[in-house]
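What follows is a set of notes on a single structure, which appears directly below.
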Amino acid sequence: MEVALQVQDITVRYGGFTALDQIRLELARHTTLGLVGESGSGKSTLARVIAGLITPDEGQLLLGAEPLGKKRSKAQHKQIQMIFQNPDSSLNPRHTVRQILAEALLFHRIVERSQVERRSKELLSRVQLDAKSLDRYPHEFSGGQRQRIAIARALSVEPSLLIADEPTSALDVSVQRSVLELFHTLQAELNLTMLFISHDLGVIHAVSDTVAVMRQGQLVEVNSKDEFFVRPQHEYSRELLSAVPKMPQY
Ligand SMILES: Nc1ncnc2c1ncn2[C@@H]1O[C@H](COP(=O)(O)OP(=O)(O)OP(=O)(O)O)[C@@H](O)[C@H]1O
1 MEVALQVQDI
11 TVRYGGFTAL
21 DQIRLELARH
31 TTLGLVGESG
41 SGKSTLARVI
51 AGLITPDEGQ
61 LLLGAEPLGK
71 KRSKAQHKQI
81 QMIFQNPDSS
91 LNPRHTVRQI
101 LAEALLFHRI
111 VERSQVERRS
121 KELLSRVQLD
131 AKSLDRYPHE
141 FSGGQRQRIA
151 IARALSVEPS
161 LLIADEPTSA
171 LDVSVQRSVL
181 ELFHTLQAEL
191 NLTMLFISHD
201 LGVIHAVSDT
211 VAVMRQGQLV
221 EVNSKDEFFV
231 RPQHEYSREL
241 LSAVPKMPQY
């Protein structure tokens, strides 16, 4: 197993409150780790530390063999892309989809200027949007379509790790399903390495290879998906699972 990311004893404090308490975790390349836990357990804080948006008080991250320091290089930023619950946080409302994708492709020198249009169309096709979408603005799309654009933007820079923080929670149930299906297709086609955060165990079941459970800033269990849903190890995991009346099938 090749390790894509190592989280080594990461601690984050907000004033006197410990939001993350010595988190230690490994993400295997080309797999999806589903991070689950109740509201306030620290899932988003961990995602933000990994994405470089928060500097931890203690601990370090290794991307492959490379330590990620306090100030990341442009190349390191490119390697870890994040998709948020609300797609609007990563889409400039004054830019067309063409501009949004071109900016990412050119800033990180993914393709030459002459290849931007071709690559942008490929990206839209990957997320199952029409090429005509290129000249439209984010507000002209539905929430589910906007999330697809945010996914295309994140994928455009060819990251080695994609973090999805509750990417379907703000969407209608019917749309949630189609976006989850898109994640499935992308996993299969692109062999993504992904950290997928959700408080919804049905969603975690649908996308994960490995499940990690957080509670009050601590990691209480890391288990294969198959084991977790049949034989959870930790008492708290059993509580989480028993609180789900029937596992929704995605
Ligand atoms: N900037 C901040 N300042 C102070 N406390 C914070 C800050 N950000 C988060 N917290 C606290 O840290 C804890 C963990 O928050 P976090 O958002 O990581 O949890 P979460 O598991 O992602 O929750 P949710 O599922 O509701 O998004 C919470 O108690 C939260 O109130």
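Residue numbers (full-length UniProt numbering): 1 to 250. Ideal Cβ placement from N, Cα and C applies to all residues, glycine included.
What number of angstroms, rounded off, separates the C-alpha of His184 from the C-alpha of Val207? 7 angstroms
Cβ contact (3+ pairs, closer than 8 angstroms) linking the segment 114 to 126 and the segment 78 to 95: no
Can you find at least 3 beta carbon pairs, one from the segment 52 to 63 and one from the segment 124 to 143, that sit closer than 8 angstroms? no
What is the residue span of the beta strand (DSSP E) that Ile10 lies within? Val3 to Tyr14
Terminal residues of the continuous beta strand (DSSP E) containing Leu27? Phe17 to Ala28
Measure the beta-carbon distance from residue 326 to Pro167 and round it to whole angstroms, keeping in mind my assumption that it falls under 8 angstroms. Given a span of 1 to 250 for the chain in the structure shown, any question on residue 326 remains unanswerable.
What are the complete alpha helix (DSSP H) segments, minimum 4 residues, inside the segment 77 to 140? 97 to 107 and 116 to 126
Once DSSP output is grouped into helix, strand and coil, what is the label at Ile204? helix
So, with DSSP's three-state summary, where would you put Leu162? strand
Residues in the same chain with beta-carbon distance under 7 angstroms from Gln145, minus the five sequence neighbours each way, listed in chain order, please. Leu129
Can you find the residues in the same chain that come closer than 8 angstroms, C-beta to C-beta, to Thr18, ignoring five residues on each side of it along the sequence? Thr11, Val12 and Gly217
Output the residues surrounding ligand 1, defined as those with a CB atom closer than 5 angstroms to any ligand heavy atom, in chain order. Tyr14, Ala19, Ser39, Gly40, Ser41, Gly42, Lys43, Ser44 and Thr45
Element boundaries [alpha helix (DSSP H), containing Leu46]: Lys43 to Ala51
Gly37, enclosing beta strand (DSSP E) - first and last residue: Run containing Gly37: none; DSSP gives neither H nor E here.
Give me the Cβ distance between Phe228 and Val211, rounded to the nearest whole Å; I'm assuming they're in contact under 8 angstroms. 4 angstroms
Closest by CA to His199, which one among Asp209, Met214 and Leu192? Met214
Would you kindly check if the distance between the Cβ of Leu25 and the Cβ of Val3 is under 8 angstroms? no
The alpha helix (DSSP H) that contains Ile151, what's its start and end? Gly143 to Ser156
My output table needs one value for Thr193: the three-state DSSP class, helix, strand or coil. coil
DSSP puts Ser224 in a beta bridge; with which residues? Thr210
8 angstroms CB neighbourhood of Thr193 in its chain, flanking five on each side removed: Ala4, Leu5, Leu27, Ala28, Arg29, His30, Thr31, Thr32, Ser160, Leu161 and Leu162
Cβ-based neighbour list, Pro87, same chain, cut-off 6 angstroms, excluding 5 preceding and 5 following: Arg146, Gln147 and Ala150
For Gln216, name the three-state secondary structure that DSSP assigns. coil
Identify which residue in Ser142, His205 and Leu240 has its Cα closest to the Cα of Asp226. His205
Once you ignore the five residues that flank Lys43 on each side, which residues in its own chain have a CB closer than 7 angstroms to its CB? Leu35, Gly37, Ile197 and Met214
Report the residue from Gly15, Tyr14, Thr45 and Gly16 whose alpha carbon sits nearest the alpha carbon of Ile23. Thr45
Apply the 10 Å Cβ neighbour rule to Asp172 and answer buried if 16 or more other Cβ atoms are within range, or exposed otherwise. exposed
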